[in-house]
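If you count by the numbering used here, then the sequence shown holds residues 122 to 639, one letter each, in order. Don't be surprised by glycine CBs; every beta carbon is placed ideally from N, CA and C. Values in this document were obtained by computation on a predicted structure and should not be read as measured data. One structure is given here, and the rest of the page talks about it.
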Amino acid sequence: MARKRTELRKIREILRLHFELCYSDRQIGRVFGMSHHTVKKIHSNVLKAGHTWPLPEDLDDTSLEQICYPSVKTYSGKRPLPNWDTVWKQMQRKGMTLQLLWQRYKENHSDGYQYTQYCEHYNRWCVKKNVSMRQHHRAGVNTFVDYAGSTLPLTDPLTGVVLEVPVFAAAVGVSGLVYSEATLTAQNPEWIASHIRLFEYCGGATEIIVPDNLKTGVKRASRYEPDISRTYENMARHYGAVVIPARVRKPKDKSLAESAVQQVLRWIIAALRDRTFFTLVEMNEAIFIELEKINNKPFTAREGSRRSVFEELDKPILKPLPAERFTYEEWKRVKVHLDYHVQIDYKYYSVPYQLVGKTLTARITSTTVELFSKEKRVASHIRQTKKGQPSTQTEHMPEKHSEYLKMTPEKIMRWSSGIGEKTSVLANTIVKRKDHPAQAYRVILGIMNLGKKYGDDRLENACARALKMNSLRYRDVKMILDQGLDKSLFDGLEVEEKPIEHGNIRGEKYYAEGGNKC
């Protein structure tokens, strides 16, 4: 806006009041209805020009006007503009600011735009090129992950049953490089495996993983302190990343994920929906073909493609992949039973007996089971494969319980032979029927203790009866002794049973003669 100038006749009066009558700037301003700053500027410019009051007689009004209101230099030429596309690419780098880029610009173009106009021109370019300024993405920093809303049909080649399988979708960095694959389920193992394959596809990992608030990875959504699945958190840490879920009902937090899902829905799921796939491998091979088309397709609003921008900006900043893949793990809370074992998938694992009744944390992988008490590992086992199979370590047992493990087949045979022939046969049979001799030791130890209570003679008779009944369990022998059934045996097992004779029983003679021939 043009500056309003004081009439020339007032200028001389202002100078007189200031220099001759010594009025203050504020008093002069009130006389002429102007700001005291304007009064000060007038007499200051006169002094700078080397004049005082009274003014020289040869100083005309034009010269006085030029002294009081010096002309402002204006730039009539066209200022140089930077390459805004290059500026935008530079802005995607971590730590880069517009002020730093403006300083470089001014070093090369001293007559260029000042910082305010520089920012204004850049913002106008972004709007013109349809580049969102509300959500700032940095190269190699964020990976956005989600599942596409639709599924793909997978046909069982044997039964013909069609299974609708979910499709994983992700967008990486500022390039928005899209990754997608089909998985049998959306459960935690597949969710983690998809992330691992995503990082391997990119050749590295970003600093931040931004999922939607899926129950698979986020146990409890919260704006400030979301509760992340421990497996998901450990997987991210293994690759040098951190999980920061998008805020609930804030789509701008995951705009690239929404864009990736849209691309997957339009160009992958829609394109492959009518095809028949019999294996997941076959389906994913088709998905990867369409995926490369999406990533190599040129942008409409700026230069390059997702792939070219990824190679230029994102990939150099990605964290390198670790030497080993992340080993999938599950974490669960387990309680220690009275036998100082915990149950996991119907298998049993020992812990120190002092922890009976405590609740521990179990880390379960495909090969190992580790147990923690207050984040301190208290036991480690090889994961068992057979249902009901125990894994017991001697150091976890009380001293009395570990005594039976000191038994050997020779000691068992020596003890059983000292009781009697039938006891020895029973002990041998029990050992042979078990997969491992150690499994028979505890049973035989129990039978040995029965001899202390009932005596060796009764135990020998009970073992004889158990062999006849083919009942080779500890509780069967104990039941025989408790009910006194061992006392009905005479001279071992040589008692011959007589056939029962009754009018309603036909007997073997009837069948030998060919039965009723009526």
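From what residue to what residue does the beta strand (DSSP E) around residue i run?
i    : result
T489 : T489 to S494
Y467 : Segment: none, Y467 is in no beta strand (DSSP E) and carries neither H nor E.
L298 : L298 to A303
Considering only DSSP beta bridges, list what residue i is partnered with.
i    : result
N244 : Partner(s): none; N244 has no beta bridge.
V455 : L481
T264 : V293 and I330
L275 : L284 and F398
K497 : S494
H462 : S471
P177 : P177 pairs with nothing; no bridge assigned.
P443 : Beta-bridge pairing links P443 to no other residue.
I503 : T489
Are the CB atoms of residue j and residue i within a distance shorter than 8 Å?
i    : j    : result
H164 : L136 : yes
T550 : E581 : no
Q220 : Y236 : yes
R427 : L298 : yes
L434 : S296 : yes
F265 : V331 : yes
V293 : F431 : yes
L273 : I390 : yes
A303 : D333 : no
D260 : I132 : Correcting the residue type first, residue 260 is Ala in the shown sequence and not Asp. For A260 and I132, no; Cβs fall outside 8 Å.
Y470 : H502 : yes
A583 : L602 : yes
L319 : Y300 : yes
A649 : L593 : Here the chain covers residues 122 to 639 and nothing more, so residue 649 does not appear.
V499 : P519 : no
V457 : L481 : yes
Among the candidates the options, whose CA atom is the shortest distance from the CA of residue i?
i    : options                   : result
T486 : T448, K453 and Q464       : T448
T352 : K453, L176, N416 and V552 : K453
A444 : L202, H158, P201 and G325 : G325
S429 : V564, E413, I188 and P441 : E413
A548 : M518, K507, D578 and Y595 : Y595
W246 : V499, C143 and V208       : V208
V248 : P175, R423 and R396       : R423
Q187 : M569, Q211, P203 and K162 : K162
N355 : K131, R484 and T488       : R484
E311 : V286, Q604, I329 and C323 : V286
D395 : A407, W223 and E496       : A407
N416 : A314, R358 and A291       : A291
P175 : A585, E134 and K574       : E134
G361 : E379, D267 and V262       : V262
G572 : M590, G539, K553 and K589 : G539
Q308 : G541, S350 and I568       : S350
Which residue comes first and which comes last in the alpha helix (DSSP H) that contains residue i?
i    : result
H157 : H157 to K169
L580 : D577 to M590
E354 : R351 to H359
Y595 : Y595 to D603
W388 : Segment: none, W388 is in no alpha helix (DSSP H) and carries neither H nor E.
L185 : D182 to C189
Q148 : D146 to F153
R428 : R427 to V430
K210 : W205 to M212
Does residue i come out as helix, strand or coil in the three-state DSSP assignment?
i    : result
P437 : helix
H139 : helix
G270 : strand
R124 : At R124 the pLDDT is 42, less than 50, meaning the model places this residue with poor confidence and gives no usable figure here.
I365 : coil
Y345 : Note that Y345 scores a pLDDT of 41, beneath 50, so its modelled location is shaky; the value from the coordinates is reported in the next line. Three-state DSSP puts Y345 in coil, outside helix and strand.
H172 : coil
H230 : coil
P419 : strand
P310 : helix
K131 : helix
S545 : helix
F611 : At F611, the pLDDT of 47 sits below 50, so the modelled position is not reliable; the number obtained from the coordinates is stated separately. DSSP places F611 in coil when its eight states are reduced to three.
Counting only beta-carbon atoms, is residue i nearer than 8 Å to chain D?
i    : result
A326 : In the structure shown, chain D cannot be found, because there is only a single protein chain.
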